[in-house]
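Q: Before anything else, here's the structure in question.
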Amino acid sequence: MSKDKGTDITAAQGAGTGKPPTVGSVALSVALYTVARLGLVVALAAVIMGVGALVGVQIPLLVAAVFSVLIALPLGMVLFKSLRLRVNSQIAAVDADRRQRHDELQAKLRGN
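What the sequence shown shows, in numbering that gives the first Met the number 0, is residues 0 to 111, in sequence order.
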């Protein structure tokens, strides 16, 4: 783990509102990232099939889908880097909050 994890957590807090991210906001960010990645796969498959049709070659949907997934894997990581980093930092913030509450509960149970 990096030393600047605290800055990641601070950056993840409520999109500038100062509030820590909730599980719901993390789920929304994950859903947005997933839709963006799936949209990229669909768009690439359409481009592959469209280029094939322009050249006069009929490309099966399954072949276009496989190639679009292979192309979209690295491309999505580059194109959607900000979304990915936001999801990662929000997950880290929620996990740190959960860990802190767990430690506080354990301390109360021990009587500290």
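Backbone N, C-alpha and C define an ideal beta-carbon position, used for all residues, glycine too.
#1: Quick one, which of G55, L108, I70 and R85 has its alpha-carbon nearest S28's?
#2: Since F79 contacts A35 with CB under 8 Å, what's their CB separation in whole angstroms?
#3: Mind checking S67: buried by the 16 CB within 10 Å criterion, or exposed?
#4: Let me know the secondary structure DSSP gives Q105 once reduced to three states.
#5: Inspect the beta-carbon positions of Q89 and V40 and report whether they are closer than 8 Å.
#6: Does the beta-carbon of M48 have 16 or more other beta-carbons within 10 angstroms, so that it is buried, or is it exposed?
#7: At 4 residues or longer, what runs of the alpha helix (DSSP H) sit wholly inside the region 34 to 108?
A: So, to answer that:
#1: Start at 1 with the first residue of the sequence shown, and residue 28 comes out as number 29. Per the Cα distances, R85.
#2: Counting from 1 along the sequence shown, the entry for residue 79 is found at position 80. Counting from 1 along the sequence shown, the entry for residue 35 is found at position 36. 5 Å between Cβ atoms; contact.
#3: By 1-based counting over the sequence shown, the position of residue 67 is 68. The residue is buried, with at least 16 neighbouring Cβ atoms inside 10 Å.
#4: By 1-based counting over the sequence shown, the position of residue 105 is 106. Three-state DSSP puts Q105 in a helix.
#5: Against the sequence shown, residue 89 aligns to sequence position 90. Against the sequence shown, residue 40 aligns to sequence position 41. Going by C-beta atoms, Q89 is not nearer than 8 Å to V40.
#6: Translated into the one-based positions of the sequence shown, residue 48 becomes position 49. Burial call: buried.
#7: 60 to 78
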